[in-house]
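*Asks:* I'd like to ask some things about the structure below.
Residue numbers (this note's numbering): 72 to 286.
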């Protein structure tokens, strides 16, 4: 499809819509077999860091074969570094933009999450404790976001859920500019570290027990 000048239409700017409606628009646009991370950034328009972080955490929850968790953890870390240096617009290098994921599982997960997100939005309040979501605070938030990205990149079974939940809360706080949601995300991030550590210790003990049983 092209506009009247014969050029491809620009991706719609989703920044004026609530997060659940933005996700619905995005889900409806996923009609190809795969979608690239660069395409997702382009489709989000000026939606910003928070919304892209939300999309990444949703993808983390999809059981896609291969080292997807490691790749997404690296991308989340790259987003965190941009928050740390105070970047005002998200940028991805070429090798990240070209990374493609299956569109059908993403669309299915979006359809499942949208009603829950719409329910959660009823408890969010725009510009509540705005200093926690302002430009200066984002540099501080980069540290827990980076830690959650590193945790997600670890190949630990069931280790992605809690970090993803923490990042979702932080992302929603950034989108709506709700400081209370950001605090909830930070609390969940601390719990995620304990959760991942417990899984790691449990896995190590189980591995040691299995080795001990070998002849």
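Glycine included, each C-beta is placed from N, C-alpha and C at the ideal position. Keep in mind it's a predicted model, so treat the numbers as computed, not measured.
Among the residues of its own chain, which have a CB less than 7 Å from the CB of residue 252, if the five just before and after it don't count?
*Replies:* Result list for residue 252: 195, 240, 243, 244, in chain order.
*Asks:* Taking the alpha-carbon of residue 125 as reference, which of 266, 100, 258, 180 has the nearest alpha-carbon?
*Replies:* 180
*Asks:* Counting along the chain, where does the alpha helix (DSSP H) carrying residue 92 start and finish?
*Replies:* Where residue 92 is concerned, the enclosing alpha helix (DSSP H) starts and stops at 90–100.
*Asks:* For residue 257, tell me which candidate among 238, 271, 142, 248 has the shortest Cα-Cα distance.
*Replies:* 238
*Asks:* Taking the straight line between their C-alpha atoms, what separation do you get for residue 221 and residue 255?
*Replies:* 20 Å
*Asks:* Please return the same chain residues whose Cβ sits closer than 7 Å to the Cβ of residue 192, not counting the five positions on each side in sequence.
*Replies:* Excluding positions up to five away in sequence, the list reads 89, 90, 91.
*Asks:* For residue 173, which three-state DSSP category applies?
*Replies:* Looking at residue 173 - three-state DSSP - the assignment turns out to be strand.
*Asks:* For residue 272 and residue 175, I'd like the C-alpha separation in whole angstroms.
*Replies:* Residue 272 and residue 175 have their C-alpha atoms roughly 35 Å apart.
*Asks:* With H, G and I counted as helix, E and B as strand and the rest as coil, what does DSSP make of residue 272?
*Replies:* Residue state for residue 272 is assigned as helix, using DSSP reduced to three classes.
*Asks:* Does residue 105 come out as helix, strand or coil in the three-state DSSP assignment?
*Replies:* strand
*Asks:* Could you tell me the distance, in whole angstroms, from the CA atom of residue 265 to the CA atom of residue 215?
*Replies:* 14 Å
*Asks:* Which whole-angstrom value is the C-beta distance of residue 155 and residue 120, which I expect to be below 8 Å?
*Replies:* At roughly 11 Å, the Cβ-Cβ gap does not stay under 8 Å, so residue 155 and residue 120 are not in contact.
*Asks:* Whole-angstrom Cβ separation of residue 163 and residue 112, contact assumed at under 8 Å?
*Replies:* Their Cβ separation, rounded to whole angstroms, is 6 Å, which keeps residue 163 and residue 112 in contact under 8 Å.
*Asks:* Counting C-beta neighbours from all protein chains within 10 Å, is the total for residue 204 16 or more, i.e. buried, or is it exposed?
*Replies:* buried
*Asks:* Between residue 169 and the rest of its own chain, which residues show a CB-CB distance below 7 Å, the 5 nearest in sequence each way excluded?
*Replies:* 107, 109
*Asks:* Apply the 10 Å Cβ neighbour rule to residue 219 and answer buried if 16 or more other Cβ atoms are within range, or exposed otherwise.
*Replies:* When all chains shown are included, residue 219 counts as buried.
*Asks:* Just the Cα atoms here: how many angstroms apart are residue 234 and residue 158?
*Replies:* 23 Å
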